[in-house]
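> Can you read through this structure? Questions will come right after.
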Amino acid sequence: MIDIHFIVNPIAGSGDHSFSEPFLHDYFEAKLYNITIKSSRYKGHAIDLTKESINQQADIIVACGGDGTINEVASTLVGTTTPLGIVPIGSGNGLACHLNIPLNLKKALYIIKNNQRTAIDVGNVNQRYFFSNTGFAFTANVIENYEALQTRTLLCYIKASLKSFQDYSKKEKTVISIDDNIDIVDPFLIFISNSNVMGYNMSLTPKASLTDGLLDVVVVPRISRLRMLVFGFCMLIRKPGFLKEVKCYQTSKLTLLRKQGTYFESQIDGEISKIDAVKLSISIKRESLTVLV
1161 MIDIHFIVNP
1171 IAGSGDHSFS
1181 EPFLHDYFEA
1191 KLYNITIKSS
1201 RYKGHAIDLT
1211 KESINQQADI
1221 IVACGGDGTI
1231 NEVASTLVGT
1241 TTPLGIVPIG
1251 SGNGLACHLN
1261 IPLNLKKALY
1271 IIKNNQRTAI
1281 DVGNVNQRYF
1291 FSNTGFAFTA
1301 NVIENYEALQ
1311 TRTLLCYIKA
1321 SLKSFQDYSK
1331 KEKTVISIDD
1341 NIDIVDPFLI
1351 FISNSNVMGY
1361 NMSLTPKASL
1371 TDGLLDVVVV
1381 PRISRLRMLV
1391 FGFCMLIRKP
1401 GFLKEVKCYQ
1411 TSKLTLLRKQ
1421 GTYFESQIDG
1431 EISKIDAVKL
1441 SISIKRESLT
1451 VLV
């Protein structure tokens, strides 16, 4: 028998999900599979549920939710032999899109049943993992405004982006040094990505790979509002480097040093995270998570 544990975020996406043992046994025959369903009830709960499933010796652990839920489950599986299955029912679904995991529930379940495995790289920020991306300044502020709207839709993401655009000049003054040799005053954006999709099929790093051992970095210094709009257009056409102020490069590790400002305002896989640290060490862990694809 194969034990499959489904860890479900019941409010992900539309919040209308049909996860029950009878439903799942339509895809996973009862004579071959043991099905366990666990629902997360608060932020961070999926981590505890995943640890419990590992102790219960689950053969496969499936994250059913958006990138935030997937991050919690996947972070707990890094370095283990237990594979991660993904049922993308969130709003952005960036990691699933990069892995070509379909948004169609039936097709996503068949990928889990087929049990084809691959190892992917994992990003690391001060010992906290990310699988799609992490970002600072504008990208973090967008996520903060997005979470405040409570409803996660593309329209709400656009509204959050517009509010961040309006509030950009009002933010606390910051000075960040990258790798101790580039000081950036009030950067518009610092974005570090492991995958080629941010969510909603948008991308700042269209050439990023989950298996190349490298992080794709995009740095945008302080720019005018007009240049912000130009940058937004470049992002939509997946050509962020067209704007001359933008620096794009690849690296296996980098350091951010906060020289002014009270904390690092960041987003990690689409979840806001205010990091009270002076220095951030960001790196890649090669092939440290097994995923069903």
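The sequence shown runs 1161 to 1453 under my numbering. Here a beta-carbon is modelled for each residue, glycine too, at the ideal position from N, C-alpha and C. Just so we're clear, the structure is a prediction, and the values are computed from it rather than from any experiment.
1) Going by DSSP, which residues form a beta bridge with L1417?
2) If you drop the 5 nearest sequence neighbours on each side, which residues of the same chain put their C-beta closer than 7 Å to that of P1366?
3) Starting from the C-beta of G1373, find all residues in its chain whose C-beta is less than 7 Å away, skip the five residues before and the five after it, and write them out in chain order.
4) With 16 as the cutoff for other CB atoms within 10 Å, does A1297 come out buried or exposed?
5) Please report the straight-line C-alpha distance between N1275 and I1249, rounded to a whole angstrom.
6) Please name the residue in F1188, I1435 and I1230 whose C-alpha comes closest to that of A1172.
7) Looking at chain B, is there any beta carbon in it that lies within less than 8 Å of the beta carbon of K1319?
8) Out of I1344, G1359 and I1167, which has the shortest C-alpha to C-alpha gap to L1314?
9) Counting C-beta neighbours from all protein chains within 10 Å, is the total for I1162 16 or more, i.e. buried, or is it exposed?
10) Measuring CA to CA, which of C1408, I1338, G1245 and Q1287 is closest to D1219?
11) Given S1199, which residues of its chain have a CB within under 7 Å of its CB, disregarding the five upstream and five downstream residues?
12) Can you tell me whether L1349 is buried or exposed? The criterion is at least 16 other CB atoms within 10 Å of its CB, across all chains shown.
13) Would you decide whether F1391 is buried or exposed? Buried here means 16 or more other CB atoms lie within 10 Å of its CB.
14) Within a Cβ cutoff of 6 Å, which residues of the same chain sit near E1232, ignoring the five residues on either side of it in sequence?
15) Excluding the five sequence neighbours on either side, which residues of its own chain have a C-beta within less than 6 Å of the C-beta of V1379, listed in chain order?
16) What number of angstroms, rounded off, separates the C-alpha of N1253 from the C-alpha of D1227?
17) Quick check: L1364 and N1354, are their CB atoms within less than 8 Å of each other?
18) Evaluate contact between the segment 1325-1337 and the segment 1254-1266, counting only Cβ atoms and requiring at least three cross-stretch pairs below 8 Å.
19) Can you tell me which of the three DSSP states N1169 falls into?
20) Kindly list the residues whose CB is nearer than 6 Å to the CB of K1439, restricted to its own chain and excluding five residues on each side of it in sequence; keep chain order.
21) Within this structure, are the beta carbons of V1238 and Y1289 separated by less than 8 Å?
22) What are the start and end residues of the beta strand (DSSP E) that includes I1249?
23) Could you please give the first and the last residue of the uninterrupted alpha helix (DSSP H) stretch that includes A1320?
24) Can you check the segment 1212-1242 for any alpha helix (DSSP H) of at least 4 residues that lies completely inside it and give the ranges in chain order?
25) For L1349, which of helix, strand or coil comes out of DSSP?
26) Got a sec? Which residues, its chain only, sit under 6 Å from S1213 by beta carbon, not counting five neighbours each side?
In terms of the structure at hand:
1) For this step, residue 1417 is matched to residue 257 along the sequence shown. Note: L1417 sits in a beta bridge opposite S1337 and K1439.
2) Against the sequence shown, residue 1366 aligns to sequence position 206. Within the same chain, P1366 has close Cβ partners N1356 and R1398.
3) Within the sequence shown, residue 1373 is the residue found at index 213, counting from 1. Same-chain partners within the cutoff: D1281, S1412, I1444 and R1446.
4) Here the question's residue 1297 lines up with position 137 in the sequence shown. Per the 10 Å Cβ criterion, buried.
5) Against the sequence shown, residue 1275 aligns to sequence position 115. Against the sequence shown, residue 1249 aligns to sequence position 89. For N1275 and I1249, the distance between alpha carbons rounds to 20 Å.
6) Counting from 1 along the sequence shown, the entry for residue 1172 is found at position 12. Ranking the options by Cα distance to A1172, first place goes to I1230.
7) The chain inventory of the structure shown lacks chain B, comprising one protein chain alone.
8) Translated into the one-based positions of the sequence shown, residue 1314 becomes position 154. Answer by Cα proximity: G1359.
9) On the sequence shown, position 2 is the one that residue 1162 refers to. When all chains shown are included, I1162 counts as exposed.
10) For this step, residue 1219 is matched to residue 59 along the sequence shown. Among C1408, I1338, G1245 and Q1287, the Cα nearest to that of D1219 belongs to G1245.
11) In the sequence shown, the residue the question calls residue 1199 occupies position 39. Excluding residues within five positions, the ones whose Cβ falls inside 7 Å are V1168 and P1170.
12) For the purposes of this step, residue 1349 is taken as residue 189 along the sequence shown, with counting starting at 1. Flag for L1349 reads buried.
13) What you label residue 1391 is simply residue 231 of the sequence shown in a count that begins at 1. Under this definition F1391 is a buried residue.
14) For the purposes of this step, residue 1232 is taken as the residue at position 72 of the sequence shown. Around E1232: A1206 and I1207.
15) Sequence index remark: in the sequence shown, residue 1379 carries index 219 (1-based). For V1379, where only same-chain residues beyond five positions count, the Cβ hits under 6 Å are I1350 and K1407.
16) Counted from its first residue, the sequence shown places residue 1253 at position 93. Counted from its first residue, the sequence shown places residue 1227 at position 67. Their backbone Cα atoms lie some 6 Å apart in a straight line.
17) Here residue 1364 is taken as the residue at index 204 of the sequence shown, counted from 1. Here residue 1354 is taken as the residue at index 194 of the sequence shown, counted from 1. No, they are not a contact pair.
18) no
19) Residue 1169 sits at position 9 when you count from the first residue of the sequence shown. Note: N1169 maps to coil in three-state DSSP.
20) Taking the sequence shown and counting its residues from 1, one reaches residue 1439 at position 279. Result list for K1439: L1417, in chain order.
21) Residue 1238 sits at position 78 when you count from the first residue of the sequence shown. Residue 1289 sits at position 129 when you count from the first residue of the sequence shown. Contact flag set, yes.
22) Taking the first residue of the sequence shown as 1, we reach residue 1249 at position 89. First-last for I1249: undefined, no H or E at that position.
23) The residue given as residue 1320 occupies position 160 in the sequence shown. Looking at the DSSP string, the run of the alpha helix (DSSP H) that includes A1320 is L1314 to D1327.
24) 1227-1237
25) Along the sequence shown, one-based indexing puts residue 1349 at 189. In the structure shown, L1349 sits in a strand (DSSP, three-state: E or B).
26) Along the sequence shown, one-based indexing puts residue 1213 at 53. If we look at S1213 and ignore the five residues flanking it on each side, its Cβ neighbours are H1165 and I1221.
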